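Heads up, the thing below is written out as structure tokens.
Protein chains: 2
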Amino acid sequence: MGKESIEGTAKILNLLGNETRLSMMGLLLINDCCVCEFVDIFKMSQPAISQHLRKLKDVGLVTEQKKGQWVIYSLNRETTYFSLIQDILNHIPDQKEKLIWLEQQGLKISCN
Amino acid sequence: MGKESIEGTAKILNLLGNETRLSMMGLLLINDCCVCEFVDIFKMSQPAISQHLRKLKDVGLVTEQKKGQWVIYSLNRETTYFSLIQDILNHIPDQKEKLIWLEQQGLKISCN
DNA sequence: TATGTATATAAGCAATTAATTATATAATAA
DNA sequence: TTATTATATAATTAATTGCTTATATACATA
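Protein sequences, first through last, are from chains S and Z.
Residue 64 in our numbering sits at position 64 of the first sequence, and the numbers go up by one each step.
Count along the second sequence from 1, add 112, and you get the number used in our numbering.
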């Protein structure tokens, strides 16, 4: 089992210790998402969402990829913290329902 | 696998998202500890240590037990979050070295 | 080209955090 | 009893957080 430093792990846990970011990670485990989808799901301002994503990106937990006018965020499955992330997300309810709701509202972006 | 709510899990992660508290939990996984041992290990003021322990106690992650003039803290292995805690602590280095250091300094309290 | 949409960033602000110092309480020892 | 030790709590403070609003940029489309 890969052991990470206390400092690094604490930093990651601190980031995931926020309901919005934790749920974002749960969503990204199922599906890549763009910023505007998160805005609809969390009913939160676009800058607030962008700032949460920035924090996740800064520690390497997610990656971004431009697709037309959208920016698609994905889980970074290469980070040394990915197995920790998986273990943690295993303990929260499946976030699929939020994606289903998004589709039902006709808000799912299809940029693939 | 027991799933806990996003809110509850985020709260726990937020608490463990602090280097001192995360290390405390790693230590308690090996050994019960009293406040003054934590003070020596973390070289932090006694009130600061007490306040960290208070937070862990408030969410039920640890329990306390008075033994003479000492207050001994233990991991609460009954909480529904214990398996999450175990999974997380599995990802950090063994905290045993801190206990060994404590013993070498002659600071280990023997209140058993 | 002008307009609208998606996103990022900056500035500001209220709430929270993590420490400190000072003080109180409880148990032990002289 | 008095002093010492272990701990908790309160008040204070500086730093951080998580939002807001305002603005800038980039792309898409009419």
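All C-beta atoms in this analysis are idealised placements derived from N, C-alpha and C, irrespective of residue type, glycine included.
As the structure is a prediction and not an experimental result, all values here were calculated from the model.
Local Cβ density within 10 Å of residue i, reported as buried at 16 or more and exposed below that
i         : result
S:Asn-112 : Caution is warranted here: a pLDDT of 42 is assigned to S:Asn-112, below 50, making its placement in the model unreliable, and no coordinate value can be reported.
S:Ile-49  : buried
Z:Ile-212 : exposed
Z:Gly-190 : Here residue 190 of chain Z turns out to be Glu, not Gly, going by the sequence shown. It counts as exposed.
S:Lys-98  : buried
S:Asp-58  : exposed
Cβ-Cβ distance between residue i and residue j below 8 Å
i         : j         : result
S:Glu-4   : S:Tyr-81  : yes
S:Ala-10  : Z:Leu-201 : no
S:Asn-87  : Z:Asp-206 : Before going on, a small fix: residue 87 of chain S reads as Asp here, not Asn. No, they are not a contact pair.
S:Ile-12  : S:Leu-84  : yes
S:Met-24  : S:Phe-38  : yes
Z:Leu-128 : Z:Val-174 : no
S:Asn-76  : Z:Asn-126 : no
S:Asp-40  : S:Gln-105 : yes
Identified DSSP bridge partners for residue i
i         : result
S:Cys-36  : Partner(s): none; S:Cys-36 has no beta bridge.
S:Val-59  : Looking at the DSSP assignment, S:Val-59 forms no beta bridge with any residue, so it has no partner.
Z:Glu-116 : Its beta-bridge partners do not exist; DSSP assigns none.
Z:Trp-182 : Z:Lys-179
Same chain, Cβ closer than 7 Å to residue i, neighbours up to 5 away in sequence not counted
i         : result
Z:Phe-154 : Thr-132 and Ile-161
Z:Gly-114 : Thr-192 and Ser-195
8 Å Cβ shell around residue i - same chain, five flanking residues per side excluded
i        : result
S:Val-35 : Gln-46, Ile-49, Ser-50, Leu-53, Trp-70, Val-71 and Tyr-73
Residues that residue i contacts on chain S, provided the C-beta gap is smaller than 8 Å
i         : result
Z:Gly-129 : Ala-10, Lys-11, Ile-12, Leu-13, Asn-14, Leu-15, Leu-16 and Gly-17
Under 7 Å by beta carbon: chain Z residues contacting residue i
i         : result
S:Ser-121 : No information on residue 121 of chain S is available, as it lies outside the stretch 1 to 112 that chain S covers here.
Spatial neighbours of residue i in its chain, beta-carbon cut-off 6 Å, leaving aside the 5 residues before and after
i         : result
S:Lys-108 : Leu-102
Z:Ile-204 : Gly-138
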